[in-house]
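Engineer: Right, I'll just put the structure down here and ask away after.
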Amino acid sequence: MFNYIGEKNNKKNIVLFIHGFTSNNDTWINSNGVSFPNMLLENDTIKDNFDFAYVSYATQLKGFYKTRAGLSFLGRTVFGTNTVAKKSLEILQLSDYISTTISLNCSEYENIIIVAHSMGGLVSKGYILKDLEKEGNTKVKLLLSLAVPHNGSNWATVGKNLFKKNKQVIDLEPLSKTLNDLTNKWLWQEEGLPETAYLIAQHDEVVGETSSTGHEKTRQAQYFCQDNHFSITKPENDYTNSFLTVKTCLIKFIEKIEEDMEIKEFQDTGQYDKEIFVLKLLVADVHEKLIGSSKETFFSGEYITKYLISRKISWSHISTLHTKIKHLYTIHFGELLAGKIKDSTELVTVIHSKILEEDRAFLKSSLPMIDALQKTGMLHQLANRLDNDITWAKENEIEKIEELRGLREND
1 MFNYIGEKNN
11 KKNIVLFIHG
21 FTSNNDTWIN
31 SNGVSFPNML
41 LENDTIKDNF
51 DFAYVSYATQ
61 LKGFYKTRAG
71 LSFLGRTVFG
81 TNTVAKKSLE
91 ILQLSDYIST
101 TISLNCSEYE
111 NIIIVAHSMG
121 GLVSKGYILK
131 DLEKEGNTKV
141 KLLLSLAVPH
151 NGSNWATVGK
161 NLFKKNKQVI
171 DLEPLSKTLN
181 DLTNKWLWQE
191 EGLPETAYLI
201 AQHDEVVGET
211 SSTGHEKTRQ
221 AQYFCQDNHF
231 SITKPENDYT
241 NSFLTVKTCL
251 IKFIEKIEED
261 MEIKEFQDTG
271 QYDKEIFVLK
281 LLVADVHEKL
291 IGSSKETFFS
301 GEYITKYLIS
311 RKISWSHIST
321 LHTKIKHLYT
331 IHFGELLAGK
341 IKDSTELVTV
351 IHSKILEEDR
361 AFLKSSLPMI
371 DALQKTGMLH
381 QLANRLDNDI
391 TWAKENEIEK
401 IEELRGLREN
411 D
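If you want it as structure tokens, here you go:
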């Protein structure tokens with residue numbers, strides 16, 4: 001199930017709260033009847049930048065075959081009913097479910113933050129890994145892990161003997177195949193994983209401290225809380241460590257986005273005069289106004305590329321966009337060769353205009369933050385190599401470019 005918390009305000013970012021084993025959305029409500037999300041929404045920065053929602057799934061302490069009455073179950077199965085008989089699903093099956101749920105409800109959001117408790121964190125990891133495997137990137141940019149048994153729970157070892165048919169209990173056992181697979185895939189993932197903060201309940205009798213921290217290639221961000229396994233999700237006030245950690249992480253996330261997305265004005269101080277893309281424009285005798293414009297778009301292209309890399313966006317998405325931009329260039333370069341375009345200045349003008357025209361059509365990207373100016377800059381990034389892939393004259397100008405480059409290097 002997917003339920004918005006408060007009003008949906010169409011922000012770019014959404015925070016999803018995902019409960020754990022045998023739990024539901026009451027996981028997040030304290031003894032005063034106040035929910036963790038509503039406490040966070042008291043902060044103006046968080047309220048102004050995030051939508052909030054619960055993602056819930058079926059989890060129960062019984063096996064599929066432990067029905068209340070076999071005959072009753074047979075009757076429901078054969079003769080039909082609107083009530084769905086829930087069976088025990090494995091953690092990765094639950095990952096598939098929340099993947100579909102999030103995909104159907106969060107398509108318009110640019111960034112997803114997950115606050116997950118206990119088994120909900122493992123379900124979330126499975127969803128993130130499947131997303132990366134399928135799409136090459138994930139919208140999940142931050143995972144807040146609250147008392148999650150990344151290395152299993154000794155409670156599950158006991159529970160396995162009591163609930164032999166329950167697949168979730170089996171998956172939660174230390175050294176289970178599911179946990180090992182999740183850990184290995186997480187470690188093997190080259191790029192795209194979200195930043196993760198591990199909140200550790202120091203009085204947790206279900207998940208030990210060592211299990212509350214997942215394996216990472218880099219040093220883990222650990223936050224220790226004077227809580228047990230259940231109180232960590234139900235802060236009684238706004239100065240408990242669990243509340244302050246989640247609040248701080250959300251605010252820092254927004255500050256980082258604003259810092260990364262701050263558009264600095266381009267000042268032409270000659271910093272690009274020795275770049276190959278500029279030399280290609282010069283030797284093709286492109287008008288100086290267009291050379292200046294190309295420098296500005298190159299600046300924007302460099303900026304967005306660095307931003308995407310910092311956000312761990314898979315390079316495959318950028319590469320796909322590069323291929324389309326180069327295709328447009330090739331079409332119009334052919335028109336130059338055929339005499340339909342009279343000179344290099346007109347070629348640059350035409351291709352710049354075409355990128356603007358196709359921004360939301362042929363050049364529509366899975367990364368909506370890339371605008372037409374930055375896509376034009378990517379054209380000149382592609383031209384910034386000493387080859388003939390992107391040039392502006394009919395003739396091979398490599399020797400002239402090398403000569404001009406040598407002269408400028410000696411200036």
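Note that the sequence shown covers residues 1 to 411 in UniProt numbering.
Glycine included, every Cβ here is placed at the ideal spot set by N, Cα and C.
(1) In its own chain, which residues sit with a C-beta less than 8 Å from the C-beta of Asp-389, not counting the 5 before and 5 after it?
(2) Can you tell me whether Asn-3 is buried or exposed? The criterion is at least 16 other CB atoms within 10 Å of its CB, across all chains shown.
(3) Would Pro-235 be called buried (16 or more neighbouring beta carbons within 10 Å of its own) or exposed?
(4) Exposed or buried, which one is Glu-403 when buried takes at least 16 other CB atoms within 10 Å?
(5) Which residues in the same chain as Leu-356 place their Cβ atom closer than 8 Å to its Cβ, once the five residues preceding and following it in sequence are excluded?
(6) So if DSSP puts Phe-224 in a beta bridge, which residue, or which two residues, is it bridged to?
(7) Given a cut-off of 7 Å, decide if Leu-122 and Ile-91 are closer than it, judged by their beta-carbon atoms.
(8) Assign Phe-362 to one of two classes, buried (16 or more other C-beta atoms within 10 Å of its C-beta) or exposed (fewer than that).
(9) Determine the burial state of Gln-168: buried for a count of at least 16 other Cβ atoms within 10 Å of its Cβ, exposed for fewer.
(10) Once DSSP output is grouped into helix, strand and coil, what is the label at Gly-6?
(11) Which residue's Cα is closest to the Cα of Trp-28: Ile-5, Asp-48 and Ile-46?
(12) If you draw a straight line from the C-alpha of Tyr-307 to the C-alpha of Glu-259, how long is it?
(13) Where DSSP assigns a beta bridge to Glu-195, which residues make up the other side?
(14) How many angstroms separate the CA atom of Ile-276 from the CA atom of Lys-394?
(15) Buried or exposed for Thr-391, please, with buried defined as at least 16 other CB atoms from any protein chain shown within 10 angstroms of its CB.
(16) Report the option in Pro-368, Leu-146 and Ser-103 whose CA atom is closest to the CA atom of Asn-241.
(17) Which residues in the same chain as Gln-189 place their Cβ atom closer than 8 Å to its Cβ, once the five residues preceding and following it in sequence are excluded?
(18) Taking a contact to mean a Cβ-Cβ separation below 7 Å, would you say Thr-101 touches Val-148 in this structure?
(19) Cα-Cα, which of Phe-21, Asn-38 and Ser-23 is closest to Glu-7?
(20) For a minimum of 4 consecutive residues, which ranges assigned as the alpha helix (DSSP H) are wholly contained in the segment 252-324?
(21) Whose C-beta lies closer than 6 Å to the C-beta of Asn-161 among residues of the same chain, with five residues either side of it excluded?
(22) Look at the alpha carbon of Lys-342 and the alpha carbon of Leu-321, and state the distance between them as a whole number of angstroms.
(23) Label Ala-58 either buried or exposed according to how many other C-beta atoms from any shown protein chain fall within 10 Å of its C-beta, with 16 as the threshold for buried.
(24) What three-state label does DSSP hand Phe-21 in the structure shown?
(25) Could you check which residue in Leu-337, His-332 and Lys-340 has the C-alpha nearest to that of Val-348?
Structural biologist: In short:
(1) Around Asp-389: Lys-326, Leu-382 and Ala-383.
(2) Residue environment analysis places Asn-3 among the exposed positions, since fewer than 16 neighbouring C-beta atoms fall within 10 angstroms of its C-beta.
(3) Counting Cβ neighbours within 10 Å, Pro-235 comes out buried, since at least 16 surround it.
(4) Within 10 angstroms of the beta-carbon of Glu-403 lie fewer than 16 other beta-carbons, which makes it exposed.
(5) Result list for Leu-356: Ala-372 and Thr-376, in chain order.
(6) In the DSSP output, where bridge partners are listed per residue, Phe-224 has Ile-200.
(7) Cβ distance < 7 Å, so Ile-91 and Leu-122 count as in contact.
(8) Classification of Phe-362: exposed, given that the 10 Å Cβ count is below 16.
(9) Low local confidence applies: a pLDDT of 47 at Gln-168 is under 50, so the model's placement there is unreliable, and no value is given.
(10) Looking at Gly-6 - three-state DSSP - the assignment turns out to be coil, as it is neither helix nor strand.
(11) Ranking the options by Cα distance to Trp-28, first place goes to Ile-5.
(12) Going from the Cα of Tyr-307 to the Cα of Glu-259 covers about 10 Å.
(13) DSSP output for Glu-195 lists Leu-142 as bridge partner(s).
(14) Roughly 17 Å separates the two Cα atoms.
(15) Residue burial annotation: Thr-391 is buried, with at least 16 other C-beta atoms found within 10 angstroms of its C-beta.
(16) Ranking Pro-368, Leu-146 and Ser-103 by Cα distance to Asn-241 puts Leu-146 first.
(17) Here Gln-189 has Leu-129 and Leu-132 as same chain residues with Cβ atoms under 8 Å from its own Cβ, once five neighbours each way along the sequence are excluded.
(18) One thing to note: Thr-101 has its Cβ no nearer than 7 Å to the Cβ of Val-148.
(19) Check the Cα spacing between Glu-7 and each of Phe-21, Asn-38 and Ser-23: the tightest is with Asn-38.
(20) Fully enclosed alpha helix (DSSP H) runs of 4 or longer: 276-283 and 288-310.
(21) Since pLDDT at Asn-161 reaches only 41, below the 50 mark, its modelled position is unreliable, and the value read off the structure follows with that caveat. Around Asn-161, the same chain offers no residue with a beta carbon nearer than 6 Å, after the five sequence neighbours per side are excluded.
(22) About 28 Å.
(23) With fewer than 16 other Cβ atoms within 10 Å, it is exposed.
(24) Note: Phe-21 maps to coil in three-state DSSP.
(25) Cα-wise, what sits closest to Val-348 is His-332.
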